[in-house]
Structures are given as structure tokens and as C-alpha cells.
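Residue numbers (our numbering): 38 to 178.
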């Protein structure tokens, strides 16, 4: 008889705990993902893209984006890791000269570099042959 009352108490406690968790989940309506934030843009506001390292499905060796002769932003490139996870994952996030405007259709944006020498052309061809791709970040998307 005593074991029956203990199991009955345990059952009622687990039901009460489940009810408390359910009520807590229903009553909370907040959303927070570490490293993210809500930002509302106004029309024509500039958003600058960031670039991550070059990665390939053919090789395991990542390269910095500016290891290749891409155009640099005015004032030079700067590291811009925004959270601890990016640092721990070894991401090499840099700023870039590429910009977008909110709610504005743009079909052309020129970013120029100096003429490439023979070594830089060979390097670009080799990275293309090795299937390297650029990972760009726009507003943490």
C-alpha cells in the first residue's frame, strides 16, 4: 500500500512539472539566438558585405580571401569577427568593398584592381581548378 502512494505522488509531481514547463513555454514569446540581433534598415541604407575564407570541396586547405588578387576596400581590409563562435570555428571574416543598398535595384557595381601579373593569373587559375569558392556574409545571413 505504501509503494502505491509513493508512485501516485511521483506521478502527480511529474505531471505538475510538465504543466509548469508547458506554461512557461506558452507564456514566453521572446526570440534570441546568440550572436544575432534584430536590425531594421531604412530604404537606401548601405549594407556592406563581409568575406570569409576561401574553401574547397577538393582540398582541405582554406585560404584567406585576400590571398588572391581581389580588390580591397578603401582603407585596407580589417578582421571583423562578430562573435566567439566565429573565432572558435577559425573563420577569417574580413570587410570587403562590396556594398548593397536596401530596396534599391542595382545591376552594376564596379570594383577594380590593378593589372594582374603572370603569377597572380596562375594563382587564380589554380584556385579555380581546385574548386575554391568565396563565402560572403550580408548582415549575418
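Beta carbons are placed, not taken as given, at the ideal position from N, Cα and C, and that holds for glycine.
Restricting to Cα atoms, I'd like to know which of the options is closest to residue i.
i: residue 83; options: 107, 135, 131, 111; result: 135
i: residue 168; options: 116, 80, 100; result: 100
i: residue 76; options: 139, 52, 155, 147; result: 139
i: residue 149; options: 51, 121, 88, 110; result: 110
i: residue 173; options: 78, 132, 124, 93; result: 132
i: residue 87; options: 165, 137, 157, 158; result: 137
i: residue 156; options: 113, 104, 123, 97; result: 104
Quick one: what's residue i bridged to in DSSP?
i: residue 115; result: Residue 115 pairs with nothing; no bridge assigned.
i: residue 174; result: 87
i: residue 101; result: The partner list for residue 101 (beta bridge, DSSP) is empty, contrary to what the question assumes.
What does the alpha-carbon distance come out to for the pair residue i and residue j?
i: residue 162; j: residue 90; result: 17 Å
i: residue 145; j: residue 102; result: 22 Å
i: residue 235; j: residue 151; result: A question about residue 235 goes unanswered here, because the residues of the chain that appear run from 38 up to 178.
i: residue 175; j: residue 85; result: 7 Å
So, is residue i buried or exposed, given that buried needs 16 or more other C-beta atoms within 10 angstroms?
i: residue 79; result: exposed
Answer with yes or no whether the minimum CB distance from residue i to chain B is below 8 Å.
i: residue 128; result: No chain B appears in the structure shown, which is made up of a single protein chain.
### Query
Whole beta strand (DSSP E) runs in the segment 125 to 167 with 3 or more residues, listed along the chain?
The segment 125 to 167 contains, as complete beta strand (DSSP E) runs of 3+ residues, the segments 131 to 138 (chain order).
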